[in-house]
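Trainee: In the working numbering, the protein residues as written are 58 to 429. Below are the structure tokens for one structure; questions will follow.
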Ligand code: A3P
């Protein structure tokens, strides 16, 4: 009880008015689990998230959230909320933020993901002002691959209408594409779009990528926003200055791709949940080249709710039928080709930041050993 009082006292007066202590308190979360019959007497309500996936962009944030939802105690906001990073949303206040969340029982964990939080100035302060005990989840991927992924998204979106479930209508990390790419885009809009146009657009993208990441003197341009995002340790320092390390959890983005359940089990534990996500919940889809969910259902919780209402245990609700449920085509897409020498330069550029990151998080992601 003392812990709750202390945490609550960290909040601003305005926050106290809009967020009850019961919403802030994470300690009661989930330990009694979704199997408690008591919850049948409780109404689901919208709550401020007890955990946020704050980044990093293009590292597997969508896969992480979608896969985490296999755990029936997870209640996730499906779109990126952008509460703390967009002033027009932030000024709407905590009630608006809460209204973006799905309804949940008190033992469940409400979570959202907005990867822009990690790199946007002032966001750590705003998050702390709301809830200083919030759990912060970060997923990191080899920064060179992340950068290529970020750039490839622009190229892809210029060839087809954007379908990225996270980035439609958003900015693409401030990446400016070259005039040549813009010209080709205009041709496509004028009706001259063809397979050969999109092929050449991809071919040209190799040069555009070099133009983007290299300064005129040949060095890596660290002023480029997409280059900067991969200097993870710079941003982590800002967060670490305000939150203790035990409030962070770091997901290995490469391991999420090859062993999703391993990373999800660790995350479940961090969130104070029972580890219920199993290896069998995933199936490798050769066409997609990634693991997908076995469940054909978009929201396993909906089925779980039906079981709760019928007085049955959540365990029985685990859907084990249906077709593989993969992420949208904008996740796991084609990458721009990058010359070996430039890859090596980028690797070298990120090395000191990576090493420092490993020391901060106490885990070696081993990115130097990845063959690009
Ligand atoms: P690419 O599309 O460049 O391969 P985010 O969701 O943060 O935007 O990250 C997108 C990245 O998630 C994808 O980048 C992809 O590599 C990665 N990812 C991880 N697991 C995935 C999965 N099971 N299906 C699709 N993409 C996955």
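Note that CB positions come from ideal geometry on N, CA and C, so glycine has one too.
Confirm, please, whether the CB-CB distance from residue 201 to residue 429 is below 8 Å.
Mentor: In this structure, residue 201 lies closer than 8 Å to residue 429 by Cβ.
Trainee: Quick check: the Cα distance between residue 154 and residue 395, rounded to an integer number of angstroms?
Mentor: Spanning the two alpha carbons is a distance of roughly 40 Å.
Trainee: Taking 8 Å as the CB-CB cut-off, is residue 191 touching chain B?
Mentor: Given the protein chain composition of this structure (a single chain), no chain B is represented.
Trainee: Just list the beta strand (DSSP E) runs in the stretch 287-352, keeping only unbroken ones of 3 residues or longer that don't cross its boundaries, in chain order.
Mentor: Counting whole runs of 3 or more residues, the stretch 287-352 contains the beta strand (DSSP E) stretches 305-309, 339-342 and 347-350.
Trainee: Count the other CB atoms, across all protein chains shown, that sit within 10 Å of the CB of residue 388; report buried if there are 16 or more and exposed otherwise.
Mentor: So residue 388 counts as buried.
Trainee: Could you name the residues of the same chain whose beta carbon sits closer than 6 Å to that of residue 100, not counting the 5 residues immediately before and after it, in chain order?
Mentor: If we look at residue 100 and ignore the five residues flanking it on each side, it has no Cβ neighbours.
Trainee: Give me the residue from 166, 112 and 215 with the minimum Cα distance to residue 196.
Mentor: Closest option to residue 196, Cα to Cα, is 112.
Trainee: Can the beta-carbon of residue 420 be found closer than 8 Å to that of residue 205?
Mentor: Not in contact: residue 420 and residue 205 (Cβ atoms no closer than 8 Å).
Trainee: Are residue 128 and residue 325 close, meaning C-beta to C-beta below 8 Å?
Mentor: Yes, Cβ-Cβ distance for residue 128 and residue 325 is below 8 Å.
Trainee: Report yes if the C-beta distance between residue 258 and residue 215 is below 8 Å; otherwise report no.
Mentor: Cβ atoms of residue 258 and residue 215: closer than 8 Å.
Trainee: Would you list the one or two residues that DSSP bridges to residue 161?
Mentor: Residue 161 pairs with 102.
Trainee: Would you report the Cα separation of residue 284 and residue 80, rounded to the nearest angstrom?
Mentor: One C-alpha to the other measures close to 37 Å.
Trainee: Residue 332 and residue 322: beta carbons closer than 8 Å?
Mentor: Yes, they are a contact pair.
Trainee: Pair every Cβ in the stretch 171-178 with every Cβ in the stretch 138-150, then say whether three or more of these pairs are closer than 8 Å.
Mentor: Contact between the stretch 171-178 and the stretch 138-150 is present, because at least three Cβ pairs lie under 8 Å.
Trainee: My output table needs one value for residue 196: the three-state DSSP class, helix, strand or coil.
Mentor: Residue state, collapsed to three classes: strand.
Trainee: Among 404, 199, 402 and 269, which has the Cα closest to the Cα of residue 422?
Mentor: Among 404, 199, 402 and 269, the Cα nearest to that of residue 422 is on 199.
Trainee: Tell me whether residue 384, by its Cβ, gets closer than 7 Å to a heavy atom of ligand 1.
Mentor: Yes, Cβ of residue 384 sits closer than 7 Å to a heavy atom of ligand 1.
Trainee: In chain order, what residues of the same chain lie with their CB nearer than 8 Å to the CB of residue 147, ignoring the 5 residues before and after it?
Mentor: Contacts found: 140, 141 and 183.
Trainee: With distances taken Cα to Cα, identify the nearest neighbour of residue 350 among 337, 328, 327 and 382.
Mentor: With distances taken between Cα atoms, residue 350 lies closest to 382.
Trainee: Could you tell me which residues DSSP pairs with residue 112 in its beta bridges?
Mentor: Per DSSP, 195.
Trainee: Select from 209, 271, 277 and 299 the residue whose C-alpha is nearest the C-alpha of residue 262.
Mentor: The shortest Cα separation from residue 262 among 209, 271, 277 and 299 belongs to 209.
Trainee: Is there at least one non-hydrogen atom of ligand 1 closer than 7 Å to the beta-carbon of residue 215?
Mentor: Incorrect: residue 215 has no Cβ contact closer than 7 Å to ligand 1.
Trainee: Would you mind working out which of 118, 298, 297 and 212 sits nearest residue 170, comparing C-alpha positions?
Mentor: Looking at the Cα atoms, 118 is the closest of the given residues.
Trainee: Taking 7 Å as the cut-off, does the CB of residue 116 come closer than this to any heavy atom belonging to ligand 1?
Mentor: Checking every heavy atom of ligand 1 against the Cβ of residue 116, one is found closer than 7 Å.
Trainee: Are the CB atoms of residue 166 and residue 108 within a distance shorter than 8 Å?
Mentor: The answer is yes: Cβ separation under 8 Å.
Trainee: How should residue 298 be labelled, buried or exposed, when 16 other C-beta atoms within 10 angstroms of its C-beta is the threshold for buried?
Mentor: Exposed, because fewer than 16 other Cβ atoms sit within 10 Å of the Cβ of residue 298.
Trainee: What's the gap between the Cα of residue 340 and the Cα of residue 318?
Mentor: Approximately 11 Å between the Cα atoms of the pair.
Trainee: Could I get the ranges of all uninterrupted beta strand (DSSP E) runs contained in the stretch 121-147, with 3 residues as the minimum, in chain order?
Mentor: Counting whole runs of 3 or more residues, the stretch 121-147 contains the beta strand (DSSP E) stretches 131-133.
Trainee: Would you grab the beta carbon distance between residue 191 and residue 110 for me? Rounded to a whole angstrom, and I think it's under 8 Å.
Mentor: The pair is not a contact, with the Cβ atoms about 12 Å apart (cut-off 8 Å).
Trainee: What's the call for residue 427, buried or exposed, on a 16-neighbour Cβ count within 10 Å?
Mentor: Classification of residue 427: exposed, given that the 10 Å Cβ count is below 16.
Trainee: Let me know the secondary structure DSSP gives residue 177 once reduced to three states.
Mentor: Residue state, collapsed to three classes: coil.
Trainee: Quick one: grab the DSSP three-state call for residue 279.
Mentor: If DSSP states are grouped into helix, strand and coil, residue 279 belongs with coil.
Trainee: Comparing the CB of residue 262 with every heavy atom of ligand 3, is any distance shorter than 7 Å?
Mentor: You won't find ligand 3 in this model; what it holds is ligand 1.
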